[in-house]
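Asker:
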């Protein structure tokens, strides 16, 4: 019983850390997309937008 609780807590900590890392990556990605769009690098902005969508999907999956 105690082992199960410890395993669940470690998974929860790992999941929280991964969610935090994804949130930071998404924020940085959004900043890059805006900067590339303002500078006229639409190709780079499009590539970053695809990654942005992928990270958002992963974050929503972890939120369940």
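In our numbering, the protein residues as written are 497 to 560. Think of the CB as a built atom: it goes at the ideal place given N, C-alpha and C, for glycine as much as any other residue.
#1: Between the Cα of residue 548 and those of 513, 525 and 515, spot the shortest distance and give me the residue it belongs to.
#2: Beta-carbon separation of residue 558 and residue 515 under 8 Å?
#3: Looking at residue 554 and residue 531, is the spacing between their C-beta atoms short of 8 Å?
#4: Anyone know if the C-beta pair for residue 551 and residue 513 falls short of 8 Å?
#5: Mapping DSSP to helix, strand and coil, what is residue 537?
Answerer: Considering the structure as presented:
#1: 525
#2: yes
#3: no
#4: no
#5: coil
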